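A short write-up of the structure that comes next.
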């Protein structure tokens, strides 16, 4: 959890979660003018905090320098 790579992984996951949650919220049966932006940002922020906490909980499970639950060694071997 002390490596730069871990924090980069965590930031990537958090940003993706924020964007995906906002996008999902936007495509619900409403026009952009009818949206309650405060509510949408609140939902996205909650999902982002959950993502950050999940990454922190995953610290050191597979590899100590990443925020992943899955070892990258297994991914590399499966792709060959």
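In our numbering, the protein residues as written are 2 to 81. Note that beta-carbon positions come from the ideal geometry of N, C-alpha and C, so glycine has one too. Note that the coordinates shown come from a computational prediction; the quantities given were computed from them, not determined experimentally.
Under 9 Å between C-beta atoms of residue i and residue j
{"i": "residue 19", "j": "residue 45", "result": "yes"}
{"i": "residue 42", "j": "residue 27", "result": "no"}
{"i": "residue 66", "j": "residue 6", "result": "yes"}
Residue i to residue j span [Cα, whole Å]
{"i": "residue 57", "j": "residue 64", "result": "13 Å"}
{"i": "residue 8", "j": "residue 29", "result": "32 Å"}
{"i": "residue 50", "j": "residue 40", "result": "15 Å"}
{"i": "residue 62", "j": "residue 12", "result": "18 Å"}
{"i": "residue 53", "j": "residue 2", "result": "12 Å"}
{"i": "residue 47", "j": "residue 15", "result": "11 Å"}
{"i": "residue 4", "j": "residue 32", "result": "43 Å"}
Three-state class that DSSP yields for residue i in the structure shown
{"i": "residue 61", "result": "coil"}
{"i": "residue 39", "result": "helix"}
{"i": "residue 66", "result": "coil"}
Per-residue burial, residue i [other beta carbons within 10 Å of its own, 16 or more giving buried]
{"i": "residue 34", "result": "exposed"}
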